[in-house]
Ligand SMILES: NC(=O)c1ccc[n+]([C@@H]2O[C@H](COP(=O)([O-])OP(=O)(O)OC[C@H]3O[C@@H](n4cnc5c(N)ncnc54)[C@H](O)[C@@H]3O)[C@@H](O)[C@H]2O)c1
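Numbering (the numbering used here), first residue to last: 46 to 356.
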């Protein structure tokens, strides 16, 4: 952001209860920018330090989003909170009500829809209508993850620390993406299962992964679009991933069912008249089609990476 010319911000502090991590982060920012970046063990220590801050970017485990978020808001600091905003609906409502009470901003960090290729797909369906009217989509990944691998324990393994598995973790990106492309839902039905027990090493103990290892779901959109989303790591044999977004005149196909095209122009659009475009080509057509003003609004300083734009 700095090298692109965005200079309206300064990072002044890093917080991590594992203090060496905060210090390492602070020193890497200081090395890169020359800024004086302080390190703290807790949000309370930072708020009590007297250091002036306007906003905080919360990148903690999920169960702390509402705890740290509300502490910052009550301390007079705007927040940008990583996805999923709250670990439960109740926790999310607590963040919203604290922001309303304090009159401060609580934003959810969501970079995918801000990336240039996702903006391009939105344009292809909803503005240029190259793909016609959106009709249906399929997002499916079937694969296998070794149940005897016993990886190291991580907070994501436990429901009370991380909530759901991929359905909520990376799923937060996909649900936001599909709402961006296809509008709001009318109804959703799903089947979620855990077929395999997957132990993780936590010190001398083995802790079982609490998460789903399979889901299949149908999303009915208010617009009439129908989506089918399925994922598993418990299907043995040859794995596959398929994303197909279908309109009345053509489809986009790709291979990411959580953040498609968000990190680069991956995928292809093929039309019923046999024309096909790479997403990169479609991206050029999108940029040519919009005004300079809109281009500067969507991609300030020429930035096209969703994360930089979100920040
Ligand atoms: N937007 C994206 O693409 C994206 C990608 C990865 C992770 N995330 C999100 O970022 C967040 C962090 O995920 P991660 O994979 O980096 O986790 P992580 O475990 O690598 O990092 C979490 C950090 O929080 C620290 N921490 C724990 N308790 C704390 C406390 N009470 N006070 C201060 N610090 C504390 C930990 O020491 C650790 O350094 C999650 O919400 C995750 O969903 C978003």
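Idealized CB from N, CA, C, for every residue including glycine.
Taking DSSP as the reference, what is the three-state secondary structure of residue 54? The sequence position of residue 54 within the chain shown is 9, counting from 1. Collapsing the DSSP output to three states places residue 54 in coil.
Would you mind reading off the limits of the alpha helix (DSSP H) that contains residue 225? Mapped onto the chain shown, residue 225 falls at position 180. It spans 216-227 - the alpha helix (DSSP H) in which residue 225 sits, taken as one unbroken run.
So residue 162 packs on residue 307, CB below 8 Å; how close in whole Å? For the purposes of this step, residue 162 is taken as the residue at position 117 of the chain shown. For the purposes of this step, residue 307 is taken as the residue at position 262 of the chain shown. Separation of the CB atoms of residue 162 and residue 307 is rounded to 7 Å, and the pair is thereby assigned contact status at 8 Å.
Based on DSSP bridge pairs, tell me the residues matched to residue 361. Here the chain has residues from 46 to 356 only, and residue 361 is not among them.
Where does residue 285 fall in DSSP's three states? The sequence position of residue 285 within the chain shown is 240, counting from 1. Residue 285 sits in a strand when the DSSP states are folded into three classes.
Following the continuous beta strand (DSSP E) through residue 115, name the residue where it begins and the one where it ends. By 1-based counting over the chain shown, the position of residue 115 is 70. No beta strand (DSSP E) holds residue 115; the alpha helix (DSSP H) holding it covers 110-119.
From 336, 83, 264, residue whose alpha carbon lies closest to that of residue 64: Within the chain shown, residue 64 is the residue found at index 19, counting from 1. Selected option, being the one with the closest Cα: 83.
Determine the burial state of residue 179: buried for a count of at least 16 other Cβ atoms within 10 Å of its Cβ, exposed for fewer. For the purposes of this step, residue 179 is taken as residue 134 along the chain shown, with counting starting at 1. Buried is the call here.
What is the DSSP secondary structure of residue 251, counted as helix, strand or coil? Taking the first residue of the chain shown as position 1, residue 251 is located at position 206. Residue 251: strand per DSSP, three-state reduction.
I'd like to confirm something about residue 63: is its beta-carbon nearer than 6 Å to some heavy atom of ligand 1, or not? Within the chain shown, residue 63 is the residue found at index 18, counting from 1. With a cut-off of 6 Å, the C-beta of residue 63 is classified as near ligand 1, since at least one heavy atom of the ligand falls inside that distance.
Backbone secondary structure at residue 200 - three-state DSSP: On the chain shown, position 155 is the one that residue 200 refers to. Residue 200: helix per DSSP, three-state reduction.
Measure the alpha-carbon distance for residue 313 versus residue 298 and round it to whole angstroms. Along the chain shown, one-based indexing puts residue 313 at 268. Along the chain shown, one-based indexing puts residue 298 at 253. Approximately 6 Å between the Cα atoms of the pair.
Spatial neighbours of residue 239 in its chain, beta-carbon cut-off 6 Å, leaving aside the 5 residues before and after: Translated into the one-based positions of the chain shown, residue 239 becomes position 194. Here the set comprises 257, 258.
Check whether residue 195 and residue 244 have beta carbons under 7 Å apart: On the chain shown, residue 195 is found 150 positions in, with the first residue counted as 1. On the chain shown, residue 244 is found 199 positions in, with the first residue counted as 1. Contact flag set, yes.
On the criterion of 16 or more Cβ atoms from any shown chain inside 10 Å, does residue 52 qualify as buried, or is it exposed? Here residue 52 refers to the residue found at position 7 when the chain shown is read from its first residue. In the assembly as shown, residue 52 is an exposed residue. Its beta-carbon has fewer than 16 other beta-carbons within 10 Å.
Do three or more CB pairs link the stretch 179-193 to the stretch 322-335 at distances below 8 Å? Short answer: they don't touch.
Report the option in 229, 188, 234, 263 whose CA atom is closest to the CA atom of residue 241. The residue given as residue 241 occupies position 196 in the chain shown. The residue with the shortest Cα to Cα distance from residue 241 is 188.
Can you determine whether any heavy atom of ligand 1 sits closer than 6 Å to the C-beta of residue 66, and answer yes or no? The residue you call residue 66 lines up with position 21 of the chain shown. The answer is yes for residue 66.
Measure the alpha-carbon distance for residue 100 versus residue 220 and round it to whole angstroms. Stepping through the chain shown from its first residue, residue 100 is reached at position 55. Stepping through the chain shown from its first residue, residue 220 is reached at position 175. About 26 Å.
Can you check whether the CB of residue 150 is closer than 7 Å to the CB of residue 111? As a working mapping, residue 111 is identified with position 66 in the chain shown. As a working mapping, residue 150 is identified with position 105 in the chain shown. If you check the CB distance, residue 111 and residue 150 do not come in under 7 Å.
Where does the unbroken alpha helix (DSSP H) through residue 338 begin, and where does it stop? Position 293 of the chain shown, counted from the start, is the residue given in the question as residue 338. Following the DSSP letters along the chain, one finds residue 338 inside the alpha helix (DSSP H) bounded by residues 337-343.
Whether residue 154 touches residue 125 by CB criterion (7 Å): Residue 154 sits at position 109 when you count from the first residue of the chain shown. Residue 125 sits at position 80 when you count from the first residue of the chain shown. Contact flag set, yes.
Which residue marks the beginning of the beta strand (DSSP E) containing residue 123, and which one marks its end? Indexing the chain shown from 1 puts residue 123 at position 78. Taken as a continuous stretch (DSSP letters only), the beta strand (DSSP E) holding residue 123 covers 123-126.
Pop quiz: residue 184 and residue 288 are said to be a contact at Cβ under 8 Å. What is the actual Cβ separation, rounded to whole angstroms? For the purposes of this step, residue 184 is taken as the residue at position 139 of the chain shown. For the purposes of this step, residue 288 is taken as the residue at position 243 of the chain shown. Distance from residue 184 to residue 288 at the Cβ level is roughly 5 Å; contact confirmed, criterion being Cβ atoms closer than 8 Å.
Just the C-alpha distance for residue 348 and residue 338, rounded to the nearest angstrom, thanks. The residue you call residue 348 lines up with position 303 of the chain shown. The residue you call residue 338 lines up with position 293 of the chain shown. A direct Cα-to-Cα measurement between residue 348 and residue 338 gives close to 14 Å.
Three-state secondary structure assigned by DSSP to residue 155: If you number the chain shown from 1, residue 155 lands on position 110. In this structure, residue 155 counts as coil in the three-state DSSP scheme.
Put residue 77 into one of helix, strand or coil per three-state DSSP. Reading the chain shown from its first residue, position 32 is the one you call residue 77. It is helical.
Report yes if the C-beta distance between residue 107 and residue 132 is below 7 Å; otherwise report no. Indexing the chain shown from 1 puts residue 107 at position 62. Indexing the chain shown from 1 puts residue 132 at position 87. The Cβ atoms of residue 107 and residue 132 sit closer than 7 Å to each other.
Alpha-carbon spacing of residue 85 relative to residue 209, whole angstroms: Indexing the chain shown from 1 puts residue 85 at position 40. Indexing the chain shown from 1 puts residue 209 at position 164. Separation of residue 85 and residue 209 (C-alpha to C-alpha, rounded to the nearest whole angstrom) is 30 Å.
So is residue 254 buried or exposed if we call it buried at 16+ other beta carbons inside 10 Å? Numbered from 1 along the chain shown, position 209 holds the residue referred to as residue 254. Buried.
Under 7 Å between C-beta atoms of residue 301 and residue 267: Mapped onto the chain shown, residue 301 falls at position 256. Mapped onto the chain shown, residue 267 falls at position 222. No. Outside cutoff.
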